[in-house]
Amino acid sequence: MFRVLGKQILKRPFGLLSYTEQTTCSSLVIHKKYGTKTLKYNVSSLSEAGDVKLPSQYQDPNFDYKKVTFSPEDVEKLLKQMESDEPLLTMEDPYAAKPRRCILCKYNVDIDYKNAQLLSQFVSPHTGRIYGRRVTGLCIPMQKRIAKLIKRARIFAFMPYLNKDVEFYEDDKLVEYNKPSQKHF
Numbered sequence: 000m001f002r003v004l005g006k007q008i009l010k011r012p013f014g015l016l017s018y019t020e021q022t023t024c025s026s027l028v029i030h031k032k033y034g035t036k037t038l039k040y041n042v043s044s045l046s047e048a049g050d051v052k053l054p055s056q057y058q059d060p061n062f063d064y065k066k067v068t069f070s071p072e073d074v075e076k077l078l079k080q081m082e083s084d085e086p087l088l089t090m091e092d093p094y095a096a097k098p099r100r101c102i103l104c105k106y107n108v109d110i111d112y113k114n115a116q117l118l119s120q121f122v123s124p125h126t127g128r129i130y131g132r133r134v135t136g137l138c139i140p141m142q143k144r145i146a147k148l149i150k151r152a153r154i155f156a157f158m159p160y161l162n163k164d165v166e167f168y169e170d171d172k173l174v175e176y177n178k179p180s181q182k183h184f
């Protein structure tokens with residue numbers, strides 16, 4: 000649905016729309032430009048409110064076709080909020096670095112002491128020791144939780160103490176101990 004206001008028709012987000020009035024007020028020709036092609040629609044159904052209906056394949060249901068009006072009151076409100084030429088306090092810093100998240104927090108992985116295959120990714124295959132944060136790249140709460148769950152899995156005999164299970168040697172490496180995620184300073 001398009002609203003015609005005077006000699007103006009609203010633009011759609013994916014193409015340029017314009018119109019030319021014919022001899023009668025109830026008939027419009029809408030030109031739609033796609034690169035070098037121009038499509039013409041002869042629209043004869045114009046209501047008194049000024050609504051123009053295009054074929055359904057050219058209507059975007061997610062786009063609000065109401066005209067956005069300029070409001071001087073809104074501008075004055077914004078100017079009153081600003082005391083100087085500094086940016087608004089509510090605006091976020093566009094140059095701020097995005098916070099780094101560990102892989103378990105990033106993908107919201109549910110870890111359990113019975114999942115020995117996942118927990119074995121954080122254990123050295125040669126010594127059975129739990130990798131540190133420098134190697135795993137986990138956040139402090141997740142590193143503590145992984146260590147606690149590995150100890151619990153060892154107590155309940157889901158994981159061995161001195162080495163990694165042989166069946167988990169060929170798993171994809173979540174943690175590479177020879178390439179730490181954090182460097183020494």
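In numbering that gives the first Met the number 0, the protein residues as written are 0 to 184.
Each residue gets a CB set at the ideal place from its N, CA and C atoms; glycine is no exception.
Straight-line Cα distance separating residue j from residue i
i: LYS39; j: PHE69; result: Confidence in LYS39 is poor, its pLDDT being 47 and thus under 50, which makes the residue's placement unreliable; the coordinate value appears in the next sentence. Near 31 angstroms, if we compare the C-alpha coordinates of PHE69 and LYS39.
i: TYR112; j: ARG99; result: 26 angstroms
i: ASP170; j: PHE155; result: 23 angstroms
i: SER44; j: ASP92; result: Interpretation of SER44 is limited by its pLDDT of 47, a score under 50 that renders its predicted location unreliable; no figure is taken from the coordinates.
i: ILE110; j: THR89; result: 37 angstroms
i: VAL174; j: GLN120; result: 6 angstroms
i: ILE145; j: ALA115; result: 11 angstroms
Contacting residues, own chain, Cβ-Cβ under 8 angstroms from residue i (five flanking each side not counted)
i: VAL122; result: ARG128, ILE129, TYR130, ILE149, MET158 and LYS163
i: THR126; result: LEU161 and ASN162
Local conformation of residue i per DSSP, three classes
i: ILE154; result: helix
i: ARG144; result: helix
i: ALA115; result: helix
i: PRO159; result: coil
i: ILE110; result: coil
i: ASP73; result: helix
i: LYS79; result: helix
i: VAL165; result: helix
i: CYS104; result: helix
i: THR135; result: helix
Beta-ladder partner(s) of residue i, from DSSP
i: ILE129; result: VAL122
Residues of its chain near residue i, where Cβ-Cβ distance is below 7 angstroms and the 5 sequence neighbours each way are ignored
i: TYR168; result: PRO124
Beta-carbon contacts of residue i that lie in its chain and below 6 angstroms, excluding the five residues immediately before and after
i: VAL165; result: none
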